Amino acid sequence: MCGIIGYTGNKPAAPVLTKGLHALEYRGYDSAGIAVCGSEIVTVKAVGRISALEEKLRGRDLPEVCGIGHTRWATHGCPTEINCHPHLSYGGKFAIVHNGIIDNCRNLRVLCENRGISLKSDTDSELIAHLLEWEYRGDPLACLSRVAADLRGSFALGVLCADFPSDIYAAKMRSPLIIGLGEDMACISSDGTAMPKEVTSLIVLADGQVARVRPGSAEVFFRGRRVEPERVKCSSPEIAAALSGFPHYMLKEMYEQPEALARTVTEDCLGRPYLRRNVTLIGCGSSYHAALASKPLVERITGCSAEVCLASEFIYSEKTVGRGKQAVFLSQSGETADTIAAAEEAKRRGYLTLAVSNVHSSTLTRVCDEKFCTRAGPEISVATTKGFTTQVGALGVLASRNDEIAAALKELPFAAEKALAVEVGEVAKLIAKSVNPFFIGRKADYGAALEGALKLKEISYISALGIAAGELKHGSISLIEKGTPVVVVSTDEALGEKTLLSMATVRARGGTVIAVTNIDEVAQAADFVLPLPNVHPLLSAAVSVIPLQRLAYEAALLLGKDIDKPRNLAKSVTVE
Ligand code: G6P
Numbered sequence: 000m001c002g003i004i005g006y007t008g009n010k011p012a013a014p015v016l017t018k019g020l021h022a023l024e025y026r027g028y029d030s031a032g033i034a035v036c037g038s039e040i041v042t043v044k045a046v047g048r049i050s051a052l053e054e055k056l057r058g059r060d061l062p063e064v065c066g067i068g069h070t071r072w073a074t075h076g077c078p079t080e081i082n083c084h085p086h087l088s089y090g091g092k093f094a095i096v097h098n099g100i101i102d103n104c105r106n107l108r109v110l111c112e113n114r115g116i117s118l119k120s121d122t123d124s125e126l127i128a129h130l131l132e133w134e135y136r137g138d139p140l141a142c143l144s145r146v147a148a149d150l151r152g153s154f155a156l157g158v159l160c161a162d163f164p165s166d167i168y169a170a171k172m173r174s175p176l177i178i179g180l181g182e183d184m185a186c187i188s189s190d191g192t193a194m195p196k197e198v199t200s201l202i203v204l205a206d207g208q209v210a211r212v213r214p215g216s217a218e219v220f221f222r223g224r225r226v227e228p229e230r231v232k233c234s235s236p237e238i239a240a241a242l243s244g245f246p247h248y249m250l251k252e253m254y255e256q257p258e259a260l261a262r263t264v265t266e267d268c269l270g271r272p273y274l275r276r277n278v279t280l281i282g283c284g285s286s287y288h289a290a291l292a293s294k295p296l297v298e299r300i301t302g303c304s305a306e307v308c309l310a311s312e313f314i315y316s317e318k319t320v321g322r323g324k325q326a327v328f329l330s331q332s333g334e335t336a337d338t339i340a341a342a343e344e345a346k347r348r349g350y351l352t353l354a355v356s357n358v359h360s361s362t363l364t365r366v367c368d369e370k371f372c373t374r375a376g377p378e379i380s381v382a383t384t385k386g387f388t389t390q391v392g393a394l395g396v397l398a399s400r401n402d403e404i405a406a407a408l409k410e411l412p413f414a415a416e417k418a419l420a421v422e423v424g425e426v427a428k429l430i431a432k433s434v435n436p437f438f439i440g441r442k443a444d445y446g447a448a449l450e451g452a453l454k455l456k457e458i459s460y461i462s463a464l465g466i467a468a469g470e471l472k473h474g475s476i477s478l479i480e481k482g483t484p485v486v487v488v489s490t491d492e493a494l495g496e497k498t499l500l501s502m503a504t505v506r507a508r509g510g511t512v513i514a515v516t517n518i519d520e521v522a523q524a525a526d527f528v529l530p531l532p533n534v535h536p537l538l539s540a541a542v543s544v545i546p547l548q549r550l551a552y553e554a555a556l557l558l559g560k561d562i563d564k565p566r567n568l569a570k571s572v573t574v575e
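Below, the structure is given as structure tokens:
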């Protein structure tokens, strides 16, 4: 999705910026632009590839040594030059690049219009430039702090001010932004891959922080006070780049989900396999949960009941005849021994086999008759995140001959981006202290609930219980006592009544209900709410799981666990 780069130093900025933009290409984009700052700010933008931007820059004399750049993946407004970043303020004093989504943009738009500022683009980002100029009293950092405090949603911002031509100002809230420092130079970027090689140390901005970045130095502020941020020496540049400034691969990969989903759901349709009438979905661990979460979707599309089976159990089922049936194997790695053994057994029984894997030339894709590749990119964290969400997206693609699903799929990356902004801190504290937290849900929410419980078990070692909401009353309810947290995943309005009943049952026994929901009535009846954006209930697990991943992550962090290397676990289990 969108990428940000900024540079200030002693070389002309434009070539450094376009090089950085190339490094950000993998995030996906549809237009790009730069702004450089001298006595005034000059912007150059182009729709399409960065080569189109470079074409426009050819022959231009731009000696300025400070600038910002952006790759845009359209959200508010089409990919046009006017919507492309950087955006200039009404008087040309400020230029900004923005990554994220401003939730209160409608109100801010009215505010600007009431002030007589006419807006040029359809973007939420342009507003920020105007607000900065309106608030400006000679100190860009102070006005950025004020404006940032009024923004709701997620943002990483790079800002130029014409009065301070060698400064870059930065602000961050829920979208990644790192500062790189080297001798006589500094830069900002969405991730480490775009950092120039002169960078010798990194500062990872935290939510709510703003910064003034000058060649060789950066000052960071939080709520108006100067803070001393931690500097990470880049003695091992590859590691710093690979982690892109994130403290853990798990967090980095969570943030990669919108773009991983976007890549997966736009995977080339030509010659793509499709779902047949009798489908069995098979996988292990999170891949099994993705299968469970996708069962209602597969049934809607095929019009037949679908089976979901653990790979390690499939081989023991009575010798069913596979002829005329399809077995779909889900595996992020494509190397899980149980899944491969099940695929070999399915072939022996005559099933048509289809591998859904993130590794294009894995053993599983070679064993199966057909393959569909998720495009999550390499997943390093043992606890899978983007592996799961892209599997749900992939099954959506396989089912997308239904128009309603095809339209809903296009919305998934945006919804995932919004879900990343859900604040889980308070609930994480509660969960980290708890003994037997429950995760419950029905239909697609059932798969998401199981995945939420598994994430927590994997990295925090808390004994979480994932269970179908309807099953709670058949035994496990005996474990609920005063304060037991029960996380209720609820995205299907049609099941709202039943969900409310489950919640009432829990509360009657003193349990604390945490609703992960986009349904108002459910939210109102909960003790805590992790609000979800709207999403099609048959694809919702790709979005509802995101706050659950974050919850597990934050709880494990509070407990001081080794998040990327959880005890006893392997990324790919190659023994049966
Ligand atoms: C291991 C991992 C799990 C993963 C499962 C299936 O157990 O620790 O996180 O879900 O394998 O992996 P796969 O690569 O087949 O999706």
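Letter 16 of the sequence shown, counting from 1, is numbered 15 in numbering that gives the first Met the number 0, and no numbers are missing. Cβ coordinates follow ideal geometry from the N, Cα and C atoms, glycine included. All figures in this text were calculated on a predicted structure; none of them were measured in a lab.
Outcome for residue i when other beta-carbon atoms lying within 10 angstroms are tallied against a minimum of 16
i       : result
Lys-232 : exposed
Ala-292 : buried
Val-226 : exposed
Asp-183 : exposed
Gly-99  : buried
Leu-500 : exposed
Gly-191 : buried
Ala-503 : exposed
Asn-567 : exposed
Ser-235 : Confidence at Ser-235 is low in this model, with a pLDDT of 43, below 50, so the placement of that residue should be treated as unreliable; the coordinate-derived value is given next. With fewer than 16 other Cβ atoms within 10 Å, it is exposed.
Asn-106 : exposed
Ala-407 : buried
Lys-119 : exposed
Arg-211 : buried
Pro-377 : exposed
Cys-303 : exposed
Arg-347 : exposed
Lys-196 : exposed
Ser-462 : exposed
Beta-carbon proximity list for residue i, same chain, < 7 Å, skipping 5 on both sides
i       : result
Arg-145 : Glu-134
Ala-51  : Ala-45
Ala-427 : Leu-550, Glu-553, Ala-554, Leu-557
Val-512 : Val-485, Val-487, Met-502, Val-505, Arg-506, Ala-525, Asp-526
Ala-420 : Gly-152, Ser-153, Arg-173
Asp-121 : His-75, Gly-76, Asn-82
Cys-367 : Phe-328, Ala-342, Thr-352, Leu-353, Ala-354
Ile-339 : Thr-362, Leu-363, Val-366
Phe-413 : Thr-74
Glu-53  : Thr-17
Integer Cβ distance of residue i from residue j, believed to fall under 8 Å
i       : j       : result
Leu-576 : Val-158 : Within the shown structure, residues of the chain are numbered from 0 to 575, placing residue 576 beyond reach of any answer.
Gln-325 : Leu-363 : About 15 Å separates the two Cβ atoms, so there is no contact after all.
Ala-606 : Leu-87  : Outside the displayed span of the chain (0 to 575) sits residue 606, for which this structure offers no information.
Thr-490 : Asp-519 : Contact flag wrong, Cβ pair sits at about 13 Å.
Glu-125 : Gly-90  : About 14 Å; that fails the 8 Å criterion.
Gly-392 : Val-264 : 5 Å
Proximity winner among the options, relative to residue i (alpha-carbon distances)
i       : options                            : result
Arg-275 : Cys-283, Glu-255, Val-297          : Val-297
Arg-374 : Val-486, Tyr-287, Gln-256          : Gln-256
Cys-372 : Tyr-248, Pro-412, Arg-271          : Arg-271
Ala-73  : Ala-261, Arg-114, Met-249, Glu-112 : Ala-261
Thr-483 : Ala-310, Lys-497, Ile-404, Val-434 : Val-434
Thr-319 : Gln-331, Ile-300, Tyr-350          : Tyr-350
Gly-469 : Gly-440, Ala-452, Val-109          : Gly-440
Gln-390 : Glu-422, Asp-337, Gly-284          : Gly-284
Glu-575 : Val-198, Glu-80, Leu-309           : Leu-309
Val-203 : Ser-189, Arg-213, Pro-214, Gly-215 : Ser-189
Leu-56  : Ile-95, Val-15, Leu-23             : Val-15
Lys-417 : Arg-222, Asn-517, Tyr-168          : Asn-517
Other residues of its chain near residue i: CB distance less than 6 Å, five sequence neighbours each side excluded
i       : result
Phe-313 : Ile-281, Ala-341
Cys-160 : Phe-93, Pro-139
Glu-344 : Ile-314
Val-528 : Ala-514, Ala-522
Val-219 : Gln-208, Ala-210, Val-226, Pro-228
Arg-508 : Ile-479
Residues near residue i in its chain [Cβ-Cβ closer than 8 Å; skip 5 each side]
i       : result
Arg-71  : Cys-1, Tyr-28, Asp-29, Ser-30, Ala-31, Gly-32, Pro-78, Asn-82, Cys-83, His-84
Glu-63  : Pro-11, Ala-12, Ala-13, Val-35, Cys-36, Gly-37, Val-41, Pro-164
Ala-569 : Val-381
Ile-238 : The pLDDT assigned to Ile-238 is 48, lower than 50, so where the model puts this residue is not dependable, and the model offers no usable value.
Arg-136 : Cys-142
Proximity test, Cβ basis, 8 Å: residue i and chain D
i      : result
Gly-99 : Included in the structure is just one protein chain, with no chain D present.
What are the uninterrupted segments assigned as beta strand (DSSP E) that are 3 or more residues long and contained completely in the stretch 487-546, given in chain order? 511-516, 527-530, all fully within the stretch 487-546.
Please list the segments of the beta strand (DSSP E) lying wholly inside the stretch 398-485, counting only runs of 3 or more residues, in order along the chain. Counting only runs of 3 or more, we get 437-440, 464-467.
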